[in-house]
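Residue numbers (our numbering), protein chains in the order written: chain E, 1 to 346; chain P, 1001 to 1346; chain F, 2001 to 2346; chain A, 3001 to 3346. Ideal Cβ positions, reconstructed from N, Cα and C, are used throughout, including at glycine. Comments concern the structure below.
Protein chains: 4
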Amino acid sequence: MIRFNNDYSEGAHPRILEALGAINFSQNAGYGEDEHCRAAAERIRALAGQPDAAVHFLVGGTQANATVIDAALRPHQGVLCAETGHICGHETGAVEATGHKVLPLPARAGKITAEQVEEYCRAHWADASFEHYVQPKMVYLSLPTELGTLYTKAELEAMRAVCDRRGLYLFVDGARLGYGLAAPACDITLPQLAALCDVFYLGGTKQGALFGEAVVLRNDALKADFRYLIKQHGGMLAKGWLLGVQFEELLRDDLYFRLAGHADSLAERLRTALGQMGVPFYVDSPTNQLFPILPDGVLEALARDYTFTETARVDEGRRAVRLCTSWATRPEHVEALIASVQALLT
Amino acid sequence: MIRFNNDYSEGAHPRILEALGAINFSQNAGYGEDEHCRAAAERIRALAGQPDAAVHFLVGGTQANATVIDAALRPHQGVLCAETGHICGHETGAVEATGHKVLPLPARAGKITAEQVEEYCRAHWADASFEHYVQPKMVYLSLPTELGTLYTKAELEAMRAVCDRRGLYLFVDGARLGYGLAAPACDITLPQLAALCDVFYLGGTKQGALFGEAVVLRNDALKADFRYLIKQHGGMLAKGWLLGVQFEELLRDDLYFRLAGHADSLAERLRTALGQMGVPFYVDSPTNQLFPILPDGVLEALARDYTFTETARVDEGRRAVRLCTSWATRPEHVEALIASVQALLT
Amino acid sequence: MIRFNNDYSEGAHPRILEALGAINFSQNAGYGEDEHCRAAAERIRALAGQPDAAVHFLVGGTQANATVIDAALRPHQGVLCAETGHICGHETGAVEATGHKVLPLPARAGKITAEQVEEYCRAHWADASFEHYVQPKMVYLSLPTELGTLYTKAELEAMRAVCDRRGLYLFVDGARLGYGLAAPACDITLPQLAALCDVFYLGGTKQGALFGEAVVLRNDALKADFRYLIKQHGGMLAKGWLLGVQFEELLRDDLYFRLAGHADSLAERLRTALGQMGVPFYVDSPTNQLFPILPDGVLEALARDYTFTETARVDEGRRAVRLCTSWATRPEHVEALIASVQALLT
Amino acid sequence: MIRFNNDYSEGAHPRILEALGAINFSQNAGYGEDEHCRAAAERIRALAGQPDAAVHFLVGGTQANATVIDAALRPHQGVLCAETGHICGHETGAVEATGHKVLPLPARAGKITAEQVEEYCRAHWADASFEHYVQPKMVYLSLPTELGTLYTKAELEAMRAVCDRRGLYLFVDGARLGYGLAAPACDITLPQLAALCDVFYLGGTKQGALFGEAVVLRNDALKADFRYLIKQHGGMLAKGWLLGVQFEELLRDDLYFRLAGHADSLAERLRTALGQMGVPFYVDSPTNQLFPILPDGVLEALARDYTFTETARVDEGRRAVRLCTSWATRPEHVEALIASVQALLT
């Protein structure tokens, strides 16, 4: 069985394991107050061009999302996001469990617009009974989105502008940020992105680490007491340096972006090959996730040798599925999949 | 200014005030453990044909909704409701504040169907990652709905059937239950309704009491420890007998339903009169709320003498508004409004 | 049965009922946005000497406590209080239900000291792992306390000073504030108290109203969006004017303080009489609650005609009980109780 | 600097790293649904003699505690624990953040008794206003305790009996369970312990793994839907097999208990040596944590070369500190510490 169902089916890049092994018997301060976390945070501040940002390392994405949102919002405030956003449907209500409502907006290809956010805020504040509704206070975006698509620099600038106008925080979920930034179609750099949002994170779990997400807090209001929140949410790893060491290594020699580029180019190879066979796509995604539409029979046959995720039924005979490449995907597996689809379609 | 914007603009029916006055200096046990609450609960059990139901009196609807839902659900469970449901948008996220996600379904005229609930549950349990989603565990309906419409007996029976099949609680918000049951278009009785749901409440605030909602718990699983929940939610009135006395009086001599009938028939008078003038309606509602569509100019002129609530912009020149009659509405005010609209439309 | 077990066994002062009756058919805006709430708030601002304070009316004390605390604290922050404080043990964990830990301090006669608060904060911030502990951010006091005792002006000034030094909010639960301020032993005025705390409330439920607590927010940081919080906590009464009307009336002609004085002087009469019989007291309380220590046999006999609350077992043969007088207590009932105790003790 | 301040200052036993390396490029199903988790769970069920137990792997202890407690309790229920219990003071209110009150009991040497639990329950149910208090529903114990002490088999049996009598869940925090079970003073086996509690966990983080705690649910009522709760709490590791692989390896060839025995015997060596120097102990702890009382001057001097944790000031000149040994402690470090103390004391 060859797995294309997600981008976290393997362990970590060998350099990560080596780095962990190398310091295994060094004694470290716990809870992220060690030199590795400090060095990794420094590296991230430099790469992001944000010398004053606070950087914290958490184990996973759901934890990072819930902790950031809970830290930022007062009880009556909610977070706007695409109806396809990860916090909206894939985290067992982790945001609601902290007491906050997720306010979903209709999405196109996984994206929402500054205009939608503006209109939502306008309507909120125009309602005579506005205090009877959850107050919008944050915008949550994923880059790339859950459908593999990208916001353009102009779209993000417009989103920033509406957030400034309406007093909203802009939070970018970067669980797959590398796959986004490394994509040729991406027109924004890490420093440009960092400058536009109040908080974002740089994902490790899906991009070469065993686990780990680096949360970058740029807005001073969000920095205060953040470590208390991490601890309360069960996200303060006792051996915090395990996270620091991994990010140190990932961000050395551009490894993080090279691994992302590997996945993106294999996805591009797959996309092109499927396209040439006439396979349509559910959404036009330029990163490591792709969503071909295939006949049920083809999918059943493929399922004997490959794993993939169900995305949507498109019509009576066809479904869209998700295929992911990753830092660990082997080119021969991609070629095998291409050959299999080819064989099944002809 | 004559108020048609809601059905709680006046105090209480004079008999309620008299009853409160009559026992003002009697000493009572606190927190609902008095003889008035006991008698009122007994009366409700009899009227509902539910001799084993637990009955509790709470001050208001948002409190009743949040307390019932919080009492019923485990942390990972959510409540299905119409996207127009009161808990979905009008209670400042009170349900989410207890940690539970409200799961909105597209509504038609304020109503959802058994088929929608079945499909939602089917999709939940069919998803390989179902544990990553909030588990549907309760259906919340309003009777009448927030748009003044009614579920038929057949619709409620179908809903009960899907709830049984899928292990869901059925919770009916009866903040305006009297206005529903008293409407000629209503084809269900209180005992029939009570037998179909796990929990419902009988609203007093909008139907002749100063305040108060009587929560009726039929399902044994929901009865356990409910008073702890009321207290924790800040809903246990120190002088609980104030609620008992009001419901005792409201349910004596059929007062509750006669007051509701008064409101419904004035609404019918208004509906007919507006219809005869050619005024269209946003929704066909047979109870005490009506939603005429009127030109902006007419609404502006009306707003000088009458209050009403904005419901929706229908097109560039017209809006739907909500008009409510109530137990306290004076027939001459309805006639005045009819005359005013007539004058403005001609 | 004559009730001395609490100070909320009767309805309301007749003037309250009259005032409610007088405006019963006036139409009002809902949710506290009416002229009665406005006038009552204005009156409270004047009495408290706080022209910029925000005043909101809530139905009950548990609701007021949870709403204020939830509005003030971030998720990792807790509230210091006496171990005997109402929020600590008598509200079914309503504060914890909002996610915040109550941090109890050992109390003497229901009171805590500025030194205790200072020491708690010092220890918190001195701990190398301080982020692993709930951060103290608020002090909650009751005036009078749950044991009927009073803080002196000097004690409150010292508490204010430590709150300023440590960045804490000072919140005074005034469910029985009138009974405190009207007591001869009280050395602080309402304006002096108001000037010392960030938020307090003026209780109505126990002091002549049917129900209602007036929350006074002095600190700007606490004022923002408070109405959203009230709604979310289920505390926004639809017919909010019912609260405004009651406080308008209570605060007219000094009625509130005269009613409190009535209760305090009857308590004093009872205290003196019991003292003359040699009855010891569990605590020396100068307000409307008193805590005599009586033999079990006497208490059993008394329980046939009077209600009281168990406070503590003092030794094998004696218990301390709570007796309350109230605005409604009849002098002849106090005399009857005195006579009964006298008869039982001799 | 040699670290004795905790038992998680190093990475993992080399066999753990080897095992992770060996399967690094194998593709696995995510979220704990892989064969390694299955095998490790099976091994734990066998070791614990609980063939029907549900076993789940979480990253850390705070997460495990909050998830178990949140899964088990209804909103009005709380958890009894020693005032020194980890959930009471060291987890930034993580339990309260889920809405539940921690109900602390006075502890002796970190332990509470069945009698205390019985008395708490008796008092709760005897109070006429019991619904105004948080309902006790769970007992939380740590084995060994936060002070390194052990419950005896008889004490645990008594606790089980009171839990049965009072309808409480018994939850044992086993973050250091191995250090407890491996101690010569321990008179209980893993199967005996497992049979006595409703849920417990077997800690990995402090006992040879990089991280990880294995939660064992014995009571059917706690098993239902537990994975939803893990996900909601941000505890569902995407690469769940990283946990399975570690526990598989730890539990092979008795490694887990041998590592624990190593730590316990080094602690015993240290305890004996310090005792021979006349050093008193704050508590008599037979596991890998010890709490010597030393003069301030000695501690200051030691702090130049060793880390330890402050526990309590004992008198004006002396403090109790915590020293931990671990699976990774080197005997020569223990000897060095002994020599240093010896030199400073003479």
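| Asked | Found |
| --- | --- |
| Residue nearest to F:L2229 in terms of C-alpha spacing, selected from F:G2317, F:A2064, F:E2035 | F:A2064 |
| Proximity below 8 Å, CB of F:V2245 to CB of F:P2292 | no |
| Sequence-distant residues of the same chain with beta carbon closer than 8 Å to P:A1194, five excluded per side | A1048, G1049, Q1050, A1053, F1200, V1216, R1218 |
| Test: F:Y2133 CB closer than 8 Å to a CB of chain A | yes |
| A:E3131 versus A:G3093 - alpha carbon distance | 23 Å |
| Neighbour flag for P:K1231 against chain A, beta carbons, 8 Å | yes |
| For P:G1078 and P:L944, the rounded distance between their alpha carbons | Since the first residue of chain P shown is 1001 and the last is 1346, residue 944 of chain P is not available in this structure. |
| Cross-chain neighbours of A:P3075 in chain P, by beta carbon under 7 Å | D1070, L1229, Q1232 |
| Contacts of E:G390 in chain F (Cβ-Cβ under 7 Å) | The requested residue 390 of chain E does not occur in the structure, where chain E is confined to residues 1 to 346. |
| Pairwise C-alpha distance: P:Y1120 and P:P1144 | 23 Å |
| Whole runs of the beta strand (DSSP E) within the segment 1070-1138 of chain P, excluding any shorter than 3 residues | 1077-1082, 1102-1105 |
| Nonlocal neighbours in the same chain, by C-beta distance under 6 Å from F:K2101, ignoring five residues either side | G2078, V2134 |
| Opposing strand residues paired with F:Y2201 [DSSP bridges] | F:V2215 |
| For A:V3117, the nearest candidate out of A:E3332, A:P3191, A:M3159, A:G3297 (CA to CA) | A:M3159 |
| Assumed close pair A:N3005, A:Y3179 - CB separation to whole angstroms, cut-off 8 Å | Actually they are not in contact, since the Cβ atoms of A:N3005 and A:Y3179 sit about 16 Å apart, beyond 8 Å. |
| Closest Cα partner of F:L2080 within the set F:F2025, F:S2142, F:D2315 | F:S2142 |
| Reference E:H233, options E:G89, E:L345, E:A66, E:Y8, closest by Cα | E:A66 |
| Span separating the alpha-carbon of F:I2023 from that of F:G2061 | 26 Å |
| Pair within 8 Å by beta-carbon distance, P:T1084 and P:L1020 | no |
| Close beta carbons around F:L2168, own chain, < 8 Å, minus the five adjacent residues each side | L2080, V2117, C2121, P2136, K2137, M2138, V2139, V2162 |
| Proximity test, Cβ basis, 8 Å: P:D1225 and chain D | Any reference to chain D falls outside this structure, whose protein chains are E, P, F and A. |
| Nearest neighbour of P:P1331, chosen from P:G1278, P:E1310, P:E1268, P:V1279 [CA to CA] | P:E1268 |
| First through last residue of the beta strand (DSSP E) which encompasses A:A3054 | 3054-3058 |
| Nearest to F:W2327 (by Cα), restricted to the options F:I2002, F:S2009, F:M2001 | F:S2009 |
| Exposure label - P:P1106; buried when at least 16 CB within 10 Å | exposed |
| Contacts that P:Q1027 makes with chain F (C-beta to C-beta distance below 9 Å) | M2001, I2002, R2003, S2009, E2010, T2307, A2328 |
| Short CB-CB distance (under 8 Å) between P:E1155 and chain F | no |
| Buried versus exposed call for A:V3068 [16 or more other C-beta atoms within 10 Å across all chains shown] | buried |
| Chain P contact for F:L2060 (CB, 8 Å cutoff) | Before going on, a small fix: residue 2060 of chain F reads as Gly here, not Leu. Answer yes: the Cβ-Cβ gap between F:G2060 and chain P drops below 8 Å somewhere. |
| Reference E:F281, options E:R304, E:L323, E:A41, closest by Cα | E:L323 |
| Counted within 10 angstroms of its Cβ, other Cβ atoms place P:T1329 as buried (16 or more) or exposed | buried |
| Residue range of the beta strand (DSSP E) that includes F:T2311 | 2309-2315 |
| Closer than 8 Å to chain F by CB, E:G99 | yes |
| is_contact[F:L2017, chain P] using C-beta, thresh 8 Å | yes |
| 7 Å Cβ cut-off: residues of chain A touching E:Q63 | G3234 |
| Beta-carbon proximity check, A:M3001 vs A:T3307, cutoff 8 Å | yes |
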